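Since the structure comes first, as structure tokens, the remarks are kept for the end.
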């Protein structure tokens with residue numbers, strides 16, 4: 002019996018802390034702040050309902066759990082993650098039963114669907130149609146016999162769906178309408194999530210190629226990869242400036258505080274290598290957290 006089979010057949014005793022680590026608190030924090038960013042970008046249109054905002058943030062928690070665990074399961078099932086080649090905080094490295102990981106991940110998605118469905122039904126019912134589209138995009142990225150994320154489309158999917166469409170729909174179901182400022186905020190989130198996916202794929206380019214996973218950094222040159230990375234980071238700030246101009250509200254410019262941090266990260270990436278020696282994607286994670294939080298604060302000042 003292989004080590005992988007043994008992990009499935011004889012799982013270690015379940016420990017709550019292992020599940021907390023596997024659920025990915027950093028990812029959940031980013032997604033919850035994306036939800037706060039979305040409702041903050043929409044609050045100038047209508048007074049927000051506190052319980053609807055709470056339900057929105059709960060939806061992002063459940064969705065984050067689902068995304069992390071299902072991604073772990075799919076990476077294990079496809080051989081991308083093995084006991085000798087896996088990040089320390091993954092479900093596999095933590096010794097969890099991967100079949101249970103899949104079940105808990107799907108439960109997280111179901112709870113997120115329930116929250117999203119209620120929010121849509123009670124404001125704009127036809128937006129219910131967006132829920133299966135968003136989740137189809139996610140499962141098309143990670144699952145199926147030919148995942149789109151394994152065919153160089155991960156960055157495009159994250160820009161269109163994970164960032165732009167999710168932010169737009171979340172703002173919409175909280176206030177019942179949309180305007181140019183909310184659209185710009187959605188595009189800004191799209192640029193950040195696209196950059197995060199690009200950073201992750203650029204760091205894993207050798208690992209992914211070794212197991213037959215095709216990503217954008219494999220299809221274009223390192224110089225193009227780096228240029229797209231800078232475009233993604235810059236796109237967020239251009240959207241923020243556009244929102245401040247549209248609403249004549251300078252406090253929306255609060256995320257510009259992070260421009261020196263972003264510039265330092267961009268220079269590091271431009272001057273450094275692509276691959277395992279690339280700067281950690283955690284720096285961009287922290288930058289996203291800061292930008293979502295700063296925008297949310299500025300929107301209420």
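In my numbering, the protein residues as written are 2 to 302.
We treat Cβ as the ideally placed atom computed from N, Cα and C, and that holds for glycine.
Please read all numbers here as calculations on a predicted model, not as lab measurements.
Asked                                                                                                                                                     : Found
Roughly how many angstroms separate the alpha carbons of residue 309 and residue 27, rounded to a whole number?                                           : In the structure displayed, the chain extends from 2 to 302; residue 309 sits before or after that span and is not available.
I'd like the ranges of any alpha helix (DSSP H) spanning at least 4 consecutive residues and lying wholly in the region 131-205.                          : 131-143, 155-158, 167-176 and 181-204
Spatial neighbours of residue 129 within its chain, please: C-beta separation below 8 Å, excluding the five flanking residues on both sides.              : 118, 121 and 122
From what residue to what residue does the alpha helix (DSSP H) around residue 251 run?                                                                   : Premise fails: residue 251 is in no alpha helix (DSSP H) and is neither H nor E.
Do the CB positions of residue 165 and residue 199 come within less than 8 Å of each other?                                                               : no
According to DSSP, is residue 226 part of a helix, a strand, or is it coil?                                                                               : helix
Would you kindly check if the distance between the Cβ of residue 286 and the Cβ of residue 168 is under 8 Å?                                              : no
Once the 5 residues before and after residue 58 are set aside, which same chain residues still bring their CB inside 8 Å of it?                           : 33, 36 and 37
Let me know if residue 258 comes out buried or exposed under the rule of 16 or more other beta-carbons within 10 Å of its beta-carbon.                    : exposed
Considering only the alpha carbon of each residue, which of 247, 218 and 188 lies closest to residue 233?                                                 : 188
Less than 6 Å between C-beta atoms, sequence neighbours within five positions excluded: which residues of the same chain meet that for residue 24?        : 66 and 69
Return the residue from the list 229, 113, 186 and 135 that minimises the CA-CA distance to residue 60.                                                   : 113
Just verifying my parser: in three-state terms, what is the DSSP assignment at residue 125?                                                               : coil
Could you tell me if residue 269 is buried or exposed, where buried requires 16 or more neighbouring beta carbons within 10 angstroms of its beta carbon? : exposed
Would you verify that the beta carbon of residue 24 is, or is not, closer than 8 Å to some beta carbon of chain B?                                        : Among the chains of the structure shown, chain B does not appear; only one protein chain is present.
Based on the DSSP secondary-structure assignment, which residues constitute the bridge partners of residue 215?                                           : 152
Please confirm whether residue 186 and residue 42 have their CB atoms less than 8 Å apart.                                                                : yes
Who are the Cβ neighbours of residue 152 in its own chain at under 8 Å, not counting the five residues just before and after it?                          : 215
Based on Cα-Cα distance, which residue from 263, 88 and 102 lies nearest to residue 75?                                                                   : 102
Pick out whichever of 154, 238 and 134 has its Cα sitting closest to the Cα of residue 192.                                                               : 238
Within a Cβ cutoff of 7 Å, which residues of the same chain sit near residue 196, ignoring the five residues on either side of it in sequence?            : 230, 233, 234 and 285
Hey, residue 180 and residue 46 are a contact pair by Cβ (cut 8 Å); roughly how many whole angstroms apart?                                               : 6 Å
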